[in-house]
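Per the working numbering, the sequence shown starts with residue 1, numbered consecutively.
A virtual CB, placed ideally from N, CA and C, is assigned to each residue, including glycine.
Structure record follows, encoded as structure tokens.
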Amino acid sequence: MKGIYFDGKKAEYREDLPVPKRTDTESRIRILYAGVCSTDREVLKGYRPDFHGIMGHEFVGVVEESPDPSLTGKMVVGELNAGCGRCIYCRTGREKHCPERRVIGMDGKDGCFAEYMTLETHLLHRVPAGLDGKKALLTEPLAAALEIPAQVHIRPDVPVGIIGDGRLAYLIAGVLQLSGAKLTIFGKHEKKLEQFAPFGQTRLADGISVSGGNPDETFELVVEASGSPSGLELASSLVRRQGMIVLKSTYAGTAQVDMSRFVVNEITIKGSRCGPFEPALRLLEKGLVKLPPAEFYSLKDWREAFGSGAFKAGFAIG
């Protein structure tokens, strides 16, 4: 089987990987499309040094074998986190926080940058018949964007700042603008920011420092989705006193910020990651979130895919 294997330090394209065998509770999926995420790039930088296996966690595939006969032959997407099923988190609907969870392409479970993968059947979601597989590939990151309104009430009458001009920030802006809130998107690349114009005001992040300045230039809610440690420092400058920062970025390394600022200004910091798949599929099916086209590569050209500057890069496999 062809795939991209990570040995804890580096990735390589291989053609000698074994086709995975499923357990009684898993389904085996033939991968059609797989998407490269910024988290995959961070894995190469040391974000998950203990992981050894096939990379990738965003996929669209066809179920070939399953304990659920209704799924066989159907196009599906799938969630990342497979919990133990026994702990307090699994028993209370928080499987993604299970201490023993396996995370596809990152922790204890082979991912989707290969011709086949297996996944716990209850984590699979059927792609609606009218939704193209290439568009369905964005279900997982769109679900991550939807986790924000699932966690936080987005008031349409308060300003919201979004830090980042990449794919995740774009999806977040697309979701939050549906609330009617006034958005301002901060990024480092003028060309990328042009894509955000339909969602709200755009501003270059370089040189911005509003700490102690005009409160009208700050935000009740700031979403940090830059993928960079510097994003949190900028967020702490942009958020209003007693406001909230939602953190979406994951990266290798640590951020250095003045924590006393959060205490003195009574700032709420909320982590946010994986979100609900079914609402994401509905938004994609109805075309309520507009997305630029993806750029696809073969698995052997994985370096080009990882280095692509396209809105979305991935692999056409099946």
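What does residue i pair with, by DSSP beta-bridge criteria?
{"i": "Met244", "result": "Leu221, Thr268"}
{"i": "Gly108", "result": "Val103"}
{"i": "Ala11", "result": "Phe6"}
{"i": "His125", "result": "Val77"}
{"i": "Ala34", "result": "Phe59, Phe315"}
{"i": "Ser230", "result": "BP columns for Ser230 are empty, so no partner."}
{"i": "Ala114", "result": "Gly3"}
{"i": "Glu26", "result": "Glu120"}
{"i": "Gly83", "result": "BP columns for Gly83 are empty, so no partner."}
{"i": "Ile54", "result": "Tyr5"}
{"i": "Val239", "result": "Phe219"}
If you count every other CB in all the chains shown that lies within 10 Å of the CB of residue i, and 16 or more means buried, which is it?
{"i": "Thr254", "result": "exposed"}
{"i": "Leu281", "result": "buried"}
{"i": "Leu238", "result": "buried"}
{"i": "Pro99", "result": "exposed"}
{"i": "Met55", "result": "buried"}
{"i": "Met106", "result": "buried"}
{"i": "Gly309", "result": "exposed"}
{"i": "Gln242", "result": "exposed"}
{"i": "Ile29", "result": "buried"}
{"i": "Arg240", "result": "buried"}
{"i": "Ala129", "result": "exposed"}
{"i": "Glu140", "result": "buried"}
{"i": "Arg167", "result": "buried"}
Once DSSP output is grouped into helix, strand and coil, what is the label at residue i?
{"i": "Gly314", "result": "strand"}
{"i": "Ala280", "result": "helix"}
{"i": "Gly212", "result": "Reliability fails at Gly212, whose pLDDT of 48 lies under 50, so the model's placement of it is uncertain and no value is given."}
{"i": "Tyr251", "result": "coil"}
{"i": "Tyr299", "result": "Rather than Tyr, the amino acid found at residue 299 in this sequence is Leu. Residue state, collapsed to three classes: helix."}
{"i": "Leu119", "result": "strand"}
{"i": "Val263", "result": "helix"}
{"i": "Leu183", "result": "strand"}
{"i": "Gly275", "result": "coil"}
Measuring alpha carbon to alpha carbon, tell me which of the options ends up nearest residue i.
{"i": "Arg22", "options": "Met117, Val289, Glu58", "result": "Met117"}
{"i": "Gly85", "options": "Val76, Val77, Arg101, Met75", "result": "Arg101"}
{"i": "Gln256", "options": "Glu266, Gly93, Ser228, Val264", "result": "Ser228"}
{"i": "Met244", "options": "Gln201, Asp216, Val152", "result": "Val152"}
{"i": "Leu131", "options": "Pro293, Arg48, Ala225, Met75", "result": "Met75"}
{"i": "Glu79", "options": "Ala144, Tyr33, Pro20", "result": "Ala144"}
{"i": "Ala197", "options": "Ala205, Lys10, Leu183", "result": "Leu183"}
{"i": "Pro159", "options": "Gly231, Ala305, Phe199", "result": "Phe199"}
{"i": "Ala11", "options": "Lys45, Arg30, Ile29", "result": "Lys45"}
{"i": "Phe186", "options": "Val77, Gly180, Ala205, Lys134", "result": "Ala205"}
Start and end of the beta strand (DSSP E) containing residue i?
{"i": "Gly133", "result": "Per DSSP, Gly133 belongs to no beta strand (DSSP E); it is in the alpha helix (DSSP H), 133-136."}
{"i": "Gly61", "result": "58-65"}
{"i": "Leu142", "result": "Premise fails: Leu142 lies in the alpha helix (DSSP H), 139-151, not in any beta strand (DSSP E)."}
{"i": "Arg203", "result": "201-204"}
{"i": "Ile163", "result": "160-163"}
Could you check where the alpha helix (DSSP H) with residue i kicks off and where it finishes?
{"i": "Gly174", "result": "167-176"}
{"i": "Gln256", "result": "Run containing Gln256: none; DSSP gives neither H nor E here."}
{"i": "Tyr47", "result": "From DSSP, Tyr47 is part of no alpha helix (DSSP H); its letter is neither H nor E."}
{"i": "Ile88", "result": "88-91"}
{"i": "Leu193", "result": "190-193"}
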